[in-house]
Structures are given as C-alpha cells and as structure tokens.
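Below is one structure, written out as structure tokens; the observations come after it.
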Amino acid sequence: MNMEMFDLTVIWAFIIGFGLMMYVLMDGFDLGLGILYPFAPDEDARDVMMNSVAPIWDGNETWLVLSGAGLLGAFPLVYSVFLPALYIGVFLMLAGLIFRGVAFELRFKSKRNRHWWNRAFCWGSAIAAFAQGAVVGAYIQGFPVENFAYVGGAFDWLTPFTILTGFGLMAGYALLGATWLILKSEGHIQDWAYKITPMLLALVLLVFGIISVWTPFVNPLVWERWFGNIQLIWIFPFLAMACAFIVYRSVQKRREAAPFLATIGIYLFTYLGLIVSKWPIIVPPNYTLWDAASAPESQLFLLVGFVFIIPIVLTYTAWAYWVFRGKVRVGEGYH
Amino acid sequence: MELDPLLLSRLQFAFVVSFHAIFPVFTIGLASYIALLHGLFYKTENPAWDRLALFWTKVFAVVFGMGVVSGIVMSFQFGTNWSNFSQASSNFLGPMLSYEVLTAFFLEAAFLGVLLFGRGKVPEGVHLFAAIMVAIGTFISAFWILSANSWLHTPAGVELIDFRFHVTSWSEAIFNPSFPYRFLHMAVASFLTGGFVVAGVSAWFLLRDRDPEANRRALSMCLWLLLFLAPVQAVIGDFHGLNTLEYQPTKVAAMEGHWETGTNVPLLLFAIPDQEAQTNHFAFGIPNLASIILTHSPDGEIPGISEAAPEEQPPVLIVFWAFRVMVGIGLLMIAVSLAGLMLRRKGRIYSSKLFLKSLTRMIALPFIAVLAGWVVTESGRSPWLVYGMMTHAEGLTPSLTGPMALFTLIGYVLVYGAVFYAGIYYLTRVVRNGMLPVEERETTGENFKRPMRPLSATHTPFDDDVDPVRS
C-alpha cells in the first residue's frame, strides 16, 4: 500500500463523512417536519412548516446524491454491499423521498387534493427517516459478506436493533424539525414547537441511550474501542449530553436559535462517536476504507471534480439560507 | 413458475431507465430552443420571442424536475440489482456517473436558478448567458452518460483483472469507438423530439387561434429545423449502424433479421423471427438492399446471427421490430417535414387543419422512436452487459432473489405510475394554460421571495379551484 493511495483514501473518507453529516443535519430537519406534520395544531401551522423548508429542501437532498455518487466512485464496495443488503429498505427510502418531494411542489398548487399531498408528505418523510435510521443500525451491526459480495437474505438488516435505530432517527429528526420550527415560526405555532421539544428531547435521549448501551453488545469492535485503552473518546457522549442540556435550558428560557444549534451539536457528537467506534471499518465487520477503495487513479480523477463543486454547492447553500432567513408567517407563501 | 431475478432485474432496469429517458431527451432539445429564443429576443427585442421563451421555460422546469426525480432512482439501480457489475466496473463508471451528477448540480446551482427566476432581475445579457449555459450543461450531462453507456457496447481503455476493470487509458475509455456516433445520434434525436413537441403544441394553439403571432413563429422555425434534421438523423443513424456492424455484428444481424452469413442480403420489411428455429417466418423484403446499405455493394457479405452461439444471441424478435418502429417513425418525420415545406410554398402552412392536427398527434412519436432505438441497442447487446467481457448474469447482485426483484419492480411501477400521472397531468395543464399576456405576468407572484426549484417556476394550479395568482 503506497503513500499516495493512503492519502487519497483518507481524503475521500473525510469528503464522504462531511457530505453525509451535512445531509443528516440538513435533510434531518425537513424530514422531521414531515414526521411532525400529523400532530400540527392546525392547517396554518402546516403551511408555515412546509413554507419554512420549501425553498431549501431540495438543496438539502443534494448532499445525499453527492455522497452517494462519491461512494460509487471512491468506495465502490460500500455501494455494492450496502445497497443489496438493504435492498427493500433502499426502495422504501426512495419511494418516500419521491412522494414527499412531489408533495412539496404540488401541495400548494392544489386545494381539493391537498389532503392527499399532506399524507404523501408525512408518510414519505417518516418512511425515509426510518429507513435511514435502519441503515445506521445495519452499519453498526455488520453484514454477512463473502468475497466482496453480500451473501445474506432480504430482511437480515431488519432486526430489533435496526428497528430501534430506525425509530431513534425518526425521533431525532423530529427534534431537529421542532427546534427548526422554533427558529422559523412565531405565535401559537412557535408555542406548540416549544411545548413538544422537551418531550422529543426526552424520547431522543431515551432511545439514543438504549442504542449506546446496546451497541457494544452488537459489535465486539465497538466494545473494545470503548472499554479499551483510548479513554479520550468518552468525550463525545459527554459533549452530546451537554448539548442536550443546553437544548432543555434554552427552551425553558424561550431562546430561539439556541435549541436548534444545540440539537445540531447532539447530532455532531453522536456522529463523531459513531465514527471513532468504527474507524477505519467501512463495510463491517471486516473491510476497511482501503479494502473498499477504488483504484487511486479513479479516486484522483473524481477528486478534481469534487474539489471544484463542493465550494460551489456550499456557496449556493449559504446563499439560499441567507435569502430565506427570518420568520415565516401565516399566509405568506413562497409559492 | 420460478421467479428469475435476472429477467426481473432487466425488466426493472428497462422500466426505470425508459421512464427516466423520456424527460432528458426532451429537455436537452428544449434547453437549446429556449436559449435560441432568448438570443432572438436579445437581438430583435420583439416581445413575441420573450413570451415564447417564458412559456417554454415553464414547461422545461416541470420536465426537468421530473427528470431529476427519476434520475435519482437510476443512480441506485446499479448498486441494488447489479452490484457485481458496479463493483467490477467502478474504477471507470464510478467517476463517469459521478461527473454526470456533478454537472447536473453545477448547472442547477449556478445557472438554472438565474434562467428560471432571474427574469427582470438580472440584465438581459446575463439572462441570455444563463440560458446558453443551461443548454450547454445538458449536453455535458449527456456526454458523461452516453460515454459510460457506449463503453458498455464498445469497451476500450481497460483491462479486466480478477473480475475488475482497471483503466489503462482514460481517453480511450471515455472516447470509446461507438461514443461519437451514439452522442450525435442522441443529440439530434433530442432536437427532433424538442422540435416535434414545440411544433405540435404550437399547432394545437393555432387550431384554437390562441396567440397566433407567436405560435406561427414557433411553428415556422421548428419546421425549418425538422426539414433539415430529420434527414440528417437518417444519415447519422446509417453511420452509427456501420460502426455497430464493425464492433457488434450480431446486433446488426438481429436488426436485419439475418440468420446465416451470406451475400445479397435483402432488407426485410416484414418477418417474424423465430429464435428457436433460427429462421424467419413470413419474410418479405427488398432484395440486396441490406447489403447495399451496410457494405455499399449488392453482393456484400454480412455476418449472420448464427455466427454467435444460440446462448450468446440477442432476442431477435425484439431487436428486429424495435428497429422497424424507430426507422418507421423516422421516415414519417421526414415525410411530415416535406409536407410542411410544400404547404409553406402554397402559403397554407398555418391554415391547413389536417396538417396542424397531424402535428399535434405526432407529439408522442419522437419519444416512442427514442425508446425503440434504445431497445434496439440495449437488447441487441444481450447477453452481454459489457460487450464480450461480462454478461448480465455475471453482473447481477448475487444475493438478489426473484421475489425481492418482483417486489421492487411492482413498487417502482406503482410509485412512478402515481407520481408521474400527477406530473404529466400537471404538465398538460401548464401547456393548456398557454402564454400569459405581458401585463398579467407582473401580478403572478413574480415578486415573492421564491424557492429556486424548477417546479416553482410555474404558477399553474393543480386543481381547478385554486386562484392562480395566490398559488
């Protein structure tokens, strides 16, 4: 294994890791709003919820496609093991994302059929979020792989553990959605968001707690990591807990931006904790980043494009958020 | 009956890729048309061009949106159903497909927003520039995808070691032997598709006497374009066929329904190829013509299908008839374009009801021709996934079972059925709404802060009971 290949593979690991993090955070809150949709106090609240993400949701999903494309080019083994192993789940996720995407566009353009688009938005978001949570669970759990190919069955991924991670991510996305709504709404809609945030926070802490305790038993490598020599990694769960506390306090003080930012903190540190538990295993249980990598020339060829495009996408994203900053009011449509 | 995951996966891929293909094939042509309209408006300042550009940009937005949604599914198909293939070919196809995604994002981020929402907010020249860049961008997108696809037909620049392709020359792999022909054939097909749709819609408006001034201009310019491009496409197709004869002779033999190697091959107009008996029934054709077309000599020898062992032959019946559908529609296009020229000389081009009605009815035909063409080339490659190097069976996901593949096949049919029913329904509403008068345009919410998404560029309501100004 020469030096050059080592560098490129690590660079790609950072790019993909960054892309997935961006995706989870950004599509997280708009999927979360979809999950909260049926519980919204009234149709005005639903209008505001959807309007608060309508201008940016597709930019958020850009990161999923970007990470997926990067995986095929840089770590094809991930692509060719995860997708067959999660075959049914991937289909459900795609179907969910398609339905909610269309609902964004056509809900505002219809009245008679609006309740159908409401349903499509809610179910699409919930199913996509669950499927993504199950993917995380399956990644922790590992796959039966022989000779660089998945050899398990259609529902091996669906275990009590992955069902829990699926609901866990749904709760986590709902929390992101509620705190986003605090930031973007006012009046009775904001009151409602303030009211549900502590409940969602408690749910998230409970589920994330069970997952954290359960994980070392599902995967021996994780056990070794956490109860082995590197004590420093315990900093991540503590930081995540600190963020959770900030969410709670800032909701009590009715602060507007802090709950959302602190929820992002919970995600960030949980994500980093997960990465350090698994590094450098990318196709568990056995294959590392380097086993999964494509040829160095291919990684280099594609890197040129990514280095060029990521700053553009980031600029575009920042600009879109800037243009649509501020509160969303009832009856004030983007459409 | 045993469910065959291979057959079901191929059906699924054929279904999702066909569904996807109809959108970009239209937007590629339409993007160039919109750029042209902007250019004409910039130069002449005639508001008719501006109104046409605005109308077709709205249609473009909806079709582009549907193309993106169906394209996302495509990018997962390789992994879910063809994981052995994606693992083996990732060194080459990974970067190619990723670059296509990057191109699309770059396009959307940088220029599509300006084109769709920049009207009146950016200077005319900048708007024109954005329109041109979007048009160029659609071609760059097509470049990556068609290069990747052509490589499956005429693989080059790689070596296969331990069931994995390693790139030895990027330029040879990207510009593989069939790529230039396929790219040209597809580019012209996109222009023909765009041209026939614009002509058909303009004719529909003219029949109802709506916006006759602008629609006459649109119809006239389309007919000139088609008069030139429809015959050009036949010539390009011929060159493409000669290239295929060189690299994939079995495919050409299947297109001609030509079983045994021989000379003086007839061009069959009708036949029912029988794969089992390795012969044709009810064959009827023009003597020597296939030899003349393919070798430019009546006694030229053409290799037959039987040169390949029966298990390495493509499904001849499908390839044979799909080819005739494509060529038949192509000839019809040439005939209609010539009829247009004759009516123009008589000065009846905008008044002949029969001609305008025929154009309206032809809107679907270029799409059918494109799909038939893809069926010819893709089925004709069978059983090879990467021609001569890897079969479909070898590329299939090993863990995939028949019931799994059947479940997602039905699933995609249902999802696409529901979503694209809504999409096409909405598109026809946008088209029927037609062009807005200039003064009305200012009140349709153009001044709202608005999302930069393609579909948001239209204000047409989905139901009848929504006020178009508000929505």
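Protein chains in written order, with this note's numbering: chain A, 3 to 337; chain B, 98 to 568. No residue lacks a Cβ here, since even glycine has one placed at the ideal position from N, Cα and C.
Residue i and residue j look like a contact to me (Cβ under 8 Å); what is the Cβ gap, rounded to whole Å?
i                : j                : result
Thr11 (chain A)  : Ala295 (chain A) : 5 Å
Gly168 (chain A) : Gly135 (chain A) : 4 Å
Ile18 (chain A)  : Phe77 (chain A)  : 7 Å
Asn377 (chain B) : Gly354 (chain B) : 5 Å
Leu323 (chain B) : Met430 (chain B) : 7 Å
Ser476 (chain B) : Ile426 (chain B) : That pair is no contact at about 18 Å.
Trp65 (chain A)  : Gly21 (chain A)  : 5 Å
Val253 (chain A) : Tyr196 (chain A) : 6 Å
Val231 (chain B) : Leu257 (chain B) : Not quite, the Cβ-Cβ distance comes to about 38 Å (not below 8 Å), so this is no contact.
Pro121 (chain B) : Gly499 (chain B) : Not really, about 31 Å apart at Cβ, beyond 8 Å.
Ser279 (chain A) : Gly75 (chain A)  : Rounded, the Cβ-Cβ distance is 26 Å, inconsistent with contact.
Tell me where the beta strand (DSSP E) around residue i begins and ends.
i                : result
Thr376 (chain B) : Thr376 to Ile383
His263 (chain B) : Arg261 to Val264
Val483 (chain B) : Trp481 to Val483
In chain order, what residues of the same chain have a beta carbon less than 6 Å from the beta carbon of residue i, not counting five sequence neighbours either side?
i                : result
Phe288 (chain B) : Gly126 and Leu326
Asn273 (chain B) : Ser247, Trp248, Thr251 and Ala253
Ile191 (chain A) : Ala47 and Val50
Glu537 (chain B) : With a pLDDT of 47 at Glu537 (chain B), under the threshold of 50, the modelled position of this residue cannot be trusted; read the value that follows with caution. So the list is empty, once near-sequence residues are dropped.
Leu342 (chain B) : Val349 and Leu391
Gly328 (chain A) : none
Phe31 (chain A)  : Leu178, Gly179 and Trp182
Ser503 (chain B) : First, the residue type needs correcting, since residue 503 (chain B) is Leu and not Ser in the sequence shown. Cβ within range, chain order: Leu100 and Leu105.
Ala227 (chain B) : Phe208, Val211 and Leu212
Phe175 (chain B) : Ser183
Leu149 (chain B) : Leu134, Ala311 and Ala315
Take residue i and list the residues in its own chain whose beta-carbon comes closer than 7 Å to its own, dropping the five residues that flank it on each side.
i                : result
Phe150 (chain A) : Leu79
Val138 (chain A) : Thr167 and Leu171
Gly333 (chain A) : none
Trp324 (chain A) : none
Val510 (chain B) : Phe112
Glu409 (chain B) : Pro480
Ile198 (chain A) : Ala180
Skipping 5 residues on each side, what residues in its chain have a beta carbon closer than 8 Å to that of residue i?
i                : result
Glu539 (chain B) : Here Glu539 (chain B) scores only 41 on pLDDT, less than 50, and its place in the model is too uncertain to base an answer on.
Asn544 (chain B) : Note that Asn544 (chain B) scores 39 on pLDDT, short of 50, meaning its location in the model is unreliable and no value can be drawn from it.
Gln119 (chain B) : Looking at the sequence shown, residue 119 (chain B) is not Gln but Ile. Hits under 8 Å: Phe464, Val467 and Leu468.
Val285 (chain A) : Leu79, Val80, Val83, Phe84, Phe145, Val147, Asp293 and Ala294
Ala350 (chain B) : Trp356, Ile399, Pro400, Gly401, Ile402 and Glu404
Phe116 (chain B) : Ser167, Tyr513 and Phe517
Trp225 (chain A) : Pro218 and Phe219
Lys113 (chain A) : none
Val330 (chain A) : Val50, Asn53, Ser54, Lys186 and Ser187
Taking the alpha helix (DSSP H) that residue i falls in, what are its first and last residues?
i                : result
Asp371 (chain B) : That residue, Asp371 (chain B), is in no alpha helix (DSSP H); its beta strand (DSSP E) goes Leu364 to Asp371.
Ala436 (chain B) : Val413 to Lys443
Thr181 (chain A) : Pro162 to Lys186
Gln345 (chain B) : Premise fails: Gln345 (chain B) is in no alpha helix (DSSP H) and is neither H nor E.
Thr457 (chain B) : Lys450 to Arg458
Asp60 (chain A)  : Trp59 to Ala76
Pro146 (chain A) : It is not in any alpha helix (DSSP H) - Pro146 (chain A) carries neither H nor E in the DSSP assignment.
Ser268 (chain B) : Trp267 to Ile271
Val50 (chain A)  : Glu45 to Val55
Met95 (chain A)  : Tyr89 to Leu108
Arg526 (chain B) : Gly499 to Asn530
Ala387 (chain B) : Leu386 to Thr392
Ile465 (chain B) : Leu462 to Arg478
Ala490 (chain B) : His489 to Gly492
Original post:
Should the segment 136-144 of chain B be called in touch with the segment 513-524 of chain B, which here means at least 3 C-beta pairs below 8 Å?
Top reply: no
**OP:** Output the residue ranges of the beta strand (DSSP E) runs that lie fully inside the segment 280-315 of chain B and measure 3 residues or longer, sorted by chain position.
**Re:** none
**OP:** Kindly provide the ranges of any beta strand (DSSP E) runs that are 3 or more residues long and lie completely inside the segment 183-261 of chain B, ordered along the chain.
**Re:** 255-258
Original post:
Are at least three pairs of beta-carbons, each pair with one atom in the segment 494-509 of chain B and one in the segment 179-189 of chain B, less than 8 Å apart?
Top reply: yes
**OP:** Note down, one range per segment and in chain order, each beta strand (DSSP E) of at least 3 residues found wholly within the segment 218-305 of chain A.
**Re:** 283-285
Original post:
Touching or not, the segment 189-197 of chain B and the segment 227-243 of chain B, by the rule of three or more beta carbon pairs under 8 Å?
Top reply: yes
Original post:
Counting Cβ pairs, one atom from each stretch, are 3 or more of them under 8 Å apart for the segment 32-41 of chain A and the segment 52-59 of chain A?
Top reply: yes
Subject >> Within the segment 100-154 of chain B, ranges of the beta strand (DSSP E) (whole runs, at least 3 residues) >> reply: none
Original post:
If you pair each beta-carbon of the segment 388-401 of chain B with each one of the segment 356-374 of chain B, do three or more pairs fall below 8 Å?
Top reply: yes
Subject >> At least 3 beta-carbon pairs within less than 8 Å: the segment 328-345 of chain B vs the segment 270-285 of chain B >> reply: yes
Subject >> Three CB pairs or more closer than 8 Å across the segment 256-271 of chain A and the segment 39-46 of chain A >> reply: no
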